[in-house]
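With the working numbering applied, the sequence shown corresponds to residues 33 to 195, in that order.
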Amino acid sequence: MTALRGIDRSAMREALIEARAALATDDVPVGAIVIDPDGAIIGRGRNEREALRDPTAHAEVSALRAAASHQGGWNLAGCTLVVTLEPCVMCAGAILSARVSRVVFGAYDDKAGAAGGALDLLRERRLPLRVDEVIGGVLDDECAVLLTDFFADRPTRTRKERC
């Protein structure tokens with residue numbers, strides 16, 4: 033069992049700020065931040081698929097890109113990614129490729145989540161890379177209500193658009 037660190041809740045609050053900002057562009061409200069081993073935020077991201085018309089513009093990918101730019105390199109070993117929704121398969125691949133050490137997420141996604149919901153790619157023993165620690169359910173009610181409200185207001189949207 034993994035232990036929740038004191039910084040995880042405050043970091044999730046920062047990710048929630050990013051998630052709410054996604055609403056301005058009619059993007060699914062998912063936000064992410066990357067914190068370095070000292071607890072400093074070095075990357076921020078939010079879903080921007082609609083805003084950028086880019087299928088890879090998920091919150092996690094944007095935050096990882098920003099953190100890599102800040103660090104001057106792609107290797108984010110020792111860093112923590114905090115995201116409001118369980119990462120999907122694409123984002124799990126990006127997390128592994130970036131060598132992120134910890135992942136903290138809010139709401140579980142039992143249909144498309146790749147960090148323990150539908151799959152667990154982040155800790156898959158058959159893969160050459162793994163995340164050291166994965167913690168789910170941090171401020172999950174706050175994270176889930178953003179998504180629930182977003183989709184309730186848009187009955188034509190499908191769950192597939194949730195990422």
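Where a beta carbon is used, it is the ideal one built from N, C-alpha and C, also for glycine.
Keep in mind the model is a prediction, meaning the values are calculated, not measured.
Helix, strand or coil at residue i [DSSP, three-state]
| i | result |
| --- | --- |
| A64 | strand |
| D152 | strand |
| G169 | coil |
| R78 | strand |
| R191 | Here the model assigns R191 a pLDDT of 48, short of 50, so the residue's position is not dependable, and the following value carries that caveat. Looking at R191 - three-state DSSP - the assignment turns out to be helix. |
| V121 | helix |
| A95 | helix |
| L179 | helix |
| H90 | coil |
Per DSSP, the bridge partner or partners of residue i
| i | result |
| --- | --- |
| F137 | V115 |
| I73 | I67 |
| A147 | D152 |
Residue i vs residue j beta-carbon contact at 7 Å
| i | j | result |
| --- | --- | --- |
| R76 | A95 | yes |
| V170 | G138 | yes |
| L218 | I127 | This structure cannot settle anything about residue 218, because the visible part of the chain is limited to 33 through 195. |
| E92 | C123 | yes |
| F182 | P61 | yes |
Burial state of residue i (16 or more Cβ within 10 Å)
| i | result |
| --- | --- |
| V163 | buried |
| R191 | For R191, the pLDDT reaches just 48, beneath the cut-off of 50, and the residue's location in the model is therefore unreliable, although a value from the coordinates is still provided. It is exposed - the Cβ of R191 has fewer than 16 other Cβ atoms within 10 Å. |
| D173 | exposed |
| I39 | exposed |
| N79 | buried |
| field | Runs of alpha helix (DSSP H) lying entirely within the stretch 36–61, each at least 4 residues, in chain order | value | 38–54
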